[in-house]
Amino acid sequence: MDLDITVPAPAAAMTEKAVSRVFNIPELLQAILVHATRDKVDLFSASLVSKQFRAIAVPLLWRELDVPLSKIGKLNQTLLPLDHAVVANPRDVHLFPLAHTRYLRIWDDEARRRFRYEPHSKPNYVHTPWRAKEGSFNDHANPQWNDRRWESDASNLFSALTTTGKTPLIELSFGVISSSSVNRVLQDFPQMAERVAAIRVLSDAIEDADCPERLVGNLATLNEEAGEWWAALVQAVSTTC
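First residue of the sequence shown: 16, per the numbering used here; consecutive thereafter.
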């Protein structure tokens, strides 16, 4: 037997080496994992494989942030300790999840659930509105009523984003009643207002439109207040320009 002849490596071993080389190149690994951004569960699973995978998967997990308005409070609670750490040591900003966010979508899940239906397809079950959970409130009593979901929760999220030094593109979806609160938040964070790329508005101004008997004697008042809500929407849009 000629010992100078090199014995070919098994195909399985060669394939394993090729896969290892691919995974050792961050750009190639990112190009592979980016296809899993649609389903966050797959990215989360990939982040558990190794530190190398985690360094690529975690930024992709946070690159596109789609948050229902009712969940922002819980998100803020999760991020608060990390936010404080970044403020204390700005060099660690790369460890802050929001530093990797490039696209942010905030949408009023309650308004969408309650007002997305056409008159002929009303839902059989209507959830208790968030205002009712906080005590008595009449939609038409004060058009400038403070919407804490925007002026507290969304405002705190915007504040956390400012610590990263990078502002994502933003899409907002809300009911017209919340226009004043949305406008105030955008005015407080002009750098965020400049990055608003899309706005979707749900017409929740007159919820009683399907019940004409409730409008008797109140139509003039409702029209006046609805006009103020829509005027506030114009101001909010102007703030983003």
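Using N, Cα and C, we set each Cβ at its ideal position, and we do this for glycine too.
Local Cβ density within 10 Å of residue i, reported as buried at 16 or more and exposed below that
| i | result |
| --- | --- |
| GLU125 | buried |
| ARG164 | buried |
| PHE59 | exposed |
| ALA251 | buried |
| THR178 | buried |
| ILE40 | exposed |
| VAL191 | buried |
| VAL249 | exposed |
| ASP162 | buried |
| LEU48 | buried |
| LEU217 | buried |
Same chain, Cβ closer than 7 angstroms to residue i, neighbours up to 5 away in sequence not counted
| i | result |
| --- | --- |
| ALA247 | SER194, SER195, ASN198 |
| HIS115 | PRO74, TRP77, ARG78 |
Neighbourhood of residue i by C-beta, 6 angstroms cutoff - its chain only, sequence neighbours within 5 removed
| i | result |
| --- | --- |
| ARG117 | ARG78, PRO183 |
| ALA213 | GLU186 |
| PHE189 | ASP123, VAL197 |
Proximal residues to residue i (C-beta, below 8 angstroms), its chain only, five neighbours per side dropped
| i | result |
| --- | --- |
| GLN202 | ALA208, THR254 |
| ALA156 | Unreliable positioning characterises ALA156 in this predicted model, as indicated by a pLDDT of 46, which lies under 50. The coordinate reading is nonetheless provided below. Same-chain partners within the cutoff: there are none. |
| ASN91 | ASP168, ASN171, LEU172, ALA175 |
Three-state secondary structure (DSSP) of residue i
| i | result |
| --- | --- |
| VAL216 | strand |
| PRO11 | With the chain represented from 16 up to 256, any question about residue 11 goes unanswered, as that position is not in the structure. |
| GLY180 | coil |
| ARG36 | helix |
| ASP57 | helix |
Opposing strand residues paired with residue i [DSSP bridges]
| i | result |
| --- | --- |
| VAL249 | BP columns for VAL249 are empty, so no partner. |
| ALA188 | One detail in the question is off: residue 188 reads as Ser in this sequence, not Ala. Paired residue(s): TRP122, ARG215. |
(message) Give the list of continuous beta strand (DSSP E) stretches no shorter than 3 residues that lie fully inside the segment 62-146.
(response) As far as the segment 62-146 is concerned, its whole beta strand (DSSP E) runs of at least 3 residues are 79-83, 118-122.
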